[in-house]
Amino acid sequence: MADEVVLLDFWPSPFGMRLRIALAEKGVKYEYKDEDLRNKSPLLLQSNPVHKKIPVLIHNGKPVCESVIALQYIDE
């Protein structure tokens, strides 16, 4: 996993924490964007238009939603 990686998350989320740990274990550098769940950012709404939930992992502009799927993506 290389290039541009962005994680949209809310800091106390255990699901986002799993992704942060996985990214750290793999040594992947990423940009962390803390989301306000009451006032969701346009990037979050664009990246996850159906559920509008965090966490969302964005790799080179391609969003990966759902923490378990994102974990599998990071592992590959």
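Just so we're on the same page, the numbering used here is the position in the sequence shown counted from 1, plus 916. Yeah, the Cβ is synthetic: ideal placement off N, Cα and C, and Gly gets one too.
Residue i to residue j span [Cα, whole Å]
i, j, result
"L960", "K969", "8 Å"
"V972", "L924", "5 Å"
"N964", "I937", "22 Å"
"K945", "H967", "26 Å"
"M917", "E992", "With a pLDDT of only 47 at M917, under 50, the local geometry of the prediction cannot be trusted, and the value read off the model is given with reservation. For M917 and E992, the distance between alpha carbons rounds to 8 Å."
"D919", "K949", "17 Å"
"V922", "G977", "9 Å"
Status (buried if at least 16 other CB within 10 Å, exposed otherwise) for residue i
i, result
"E951", "buried"
"L935", "buried"
"L953", "exposed"
Test item: CB-CB of residue i and residue j under 8 Å
i, j, result
"K942", "I985", "no"
"F931", "S983", "yes"
Write down every uninterrupted run of the alpha helix (DSSP H) in the stretch 955-988 whose length is 4 residues or greater and which is fully enclosed by it, in chain order. Uninterrupted alpha helix (DSSP H) stretches at least 4 residues long and entirely within the stretch 955-988 occur at 958-963, given in chain order.
Enumerated in chain order, which unbroken segments of the beta strand (DSSP E) with a length of 3 residues or greater are wholly contained in the stretch 919-958? Here the runs fully enclosed are 921-925, 947-950.
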